[in-house]
Amino acid sequence: MADLETALNTHHQAAEAFLAAAGAVPTMQWGQPRLPGKGSPGQVVEHVALAYEVNRGVLQGRAPAVTAPRFLRPLIRRFGLEPVLRRGRFIPGSKSPKMFLILGCGRGTRWAQGQASRARC
Numbered sequence: 000m001a002d003l004e005t006a007l008n009t010h011h012q013a014a015e016a017f018l019a020a021a022g023a024v025p026t027m028q029w030g031q032p033r034l035p036g037k038g039s040p041g042q043v044v045e046h047v048a049l050a051y052e053v054n055r056g057v058l059q060g061r062a063p064a065v066t067a068p069r070f071l072r073p074l075i076r077r078f079g080l081e082p083v084l085r086r087g088r089f090i091p092g093s094k095s096p097k098m099f100l101i102l103g104c105g106r107g108t109r110w111a112q113g114q115a116s117r118a119r120c
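Start counting the sequence shown at 0; every next residue gets the next number (numbering that gives the first Met the number 0).
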């Protein structure tokens, strides 16, 4: 049980550091990527917030809204995930589906949800 407590404390410290770093980003830079082809700070916060929402739902017994059929998962893992893990980066030229693109880059709902989530933990 001590290992679980240590892991939870480490996670909470990392989450606090992430939120502090995101909060320190000037509003003018919130929607601008640091490098060409990279995500903006707003997109990174959006990505992390969505991951937390999905994982929280799984832990609470709610399945994610959209999942691949069970028979396709090994193929997705083999041809989608393994090349990324092997290279250590995404496949060049690959793009996120339009459904995952952020419509607004302002500090808004996701930022507030991150702050509220931090308060719940």
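For every residue, glycine included, the Cβ atom is placed at its ideal position computed from N, Cα and C. These numbers come from a predicted model, not from an experiment.
Item	Value
Distance CB(residue 47)-CB(residue 17) smaller than 8 Å	yes
N-terminal and C-terminal residue of the alpha helix (DSSP H) that residue 19 is part of	1-22
Validate contact between the region 34-42 and the region 56-72 using beta carbons, cut 8 Å, 3 pairs	no
Residue from 44, 20, 19 with nearest C-alpha to residue 30	44
Simplified DSSP assignment, three categories, for residue 50	helix
Backbone secondary structure at residue 78 - three-state DSSP	helix
Alpha-carbon spacing of residue 49 relative to residue 79, whole angstroms	20 Å
Pairwise C-alpha distance: residue 11 and residue 51	13 Å
Inter-residue spacing [alpha-carbon to alpha-carbon] between residue 73 and residue 82	13 Å
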